[in-house]
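Let me begin by presenting the structure, written as structure tokens, before commenting on it.
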Amino acid sequence: MVTDLSIPTEFMLHPAYPNPFNSSTIISFELQSASFVELVVYDVMGREAARLIDEFKTAGTYEVTFDGSELASGVYFARLNAGEFMQTRKMLLLK
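Residue numbers (my numbering): 7 to 101.
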């Protein structure tokens with residue numbers, strides 16, 4: 007979902023909010039230019055826990071709700087790949 011119509015000046019993966027979280031959290035990111043985007047959540051063993059986005063996106067600011075209600079408590083990592091840009095953020099799921 008696009009949340010802002012202005013074009014960001016850089017690529018950015020913001021920290022999840024809330025974090026730590028119980029069942030769901032919001033992951034937001036900014037795209038400076040149109041790119042193929044992958045937003046994937048991994049567990050501490052590097053296994054894919056959820057693939058939230060896997061598609062082409064235009065420049066802008068986005069947010070996605072990550073539902074971890076089916077996952078075990080623990081540390082997870084959200085990784086954003088967009089063109090040449092890659093950034094990872096740590097998240098803590100507490101039940």
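Cβ atoms here follow ideal geometry from the backbone N, Cα and C, with glycine treated the same way.
Source: prediction; values computed, not measured.
Anticipated Cβ contact below 8 Å, residue i with residue j, distance rounded
i	j	result
residue 84	residue 62	Rounded, the Cβ-Cβ distance is 19 Å, inconsistent with contact.
residue 12	residue 75	In fact, because the Cβ distance is near 33 Å, the residues do not count as touching under 8 Å.
residue 72	residue 50	About 16 Å; that fails the 8 Å criterion.
residue 93	residue 19	4 Å
Sequence-distant residues of the same chain with beta carbon closer than 6 Å to residue i, five excluded per side
i	result
residue 70	33, 58
residue 64	40
residue 60	44
residue 86	19, 35, 45, 93
Continuous beta strand (DSSP E) stretch holding residue i: start and end
i	result
residue 27	Segment: none, residue 27 is in no beta strand (DSSP E) and carries neither H nor E.
residue 55	54-63
residue 97	91-99
residue 66	66-73
Identity of the residue in the options nearest residue i by Cα
i	options	result
residue 54	38, 81, 36	81
Beta-carbon proximity check, residue i vs residue j, cutoff 8 Å
i	j	result
residue 43	residue 78	no
residue 14	residue 67	yes
residue 26	residue 100	yes
Contacts around residue i, its chain only, beta-carbon distance under 8 Å, and the 5 residues preceding and following it disregarded
i	result
residue 16	36, 38
residue 98	25, 26, 27, 80, 81, 82
Nonlocal neighbours in the same chain, by C-beta distance under 7 Å from residue i, ignoring five residues either side
i	result
residue 96	81, 83
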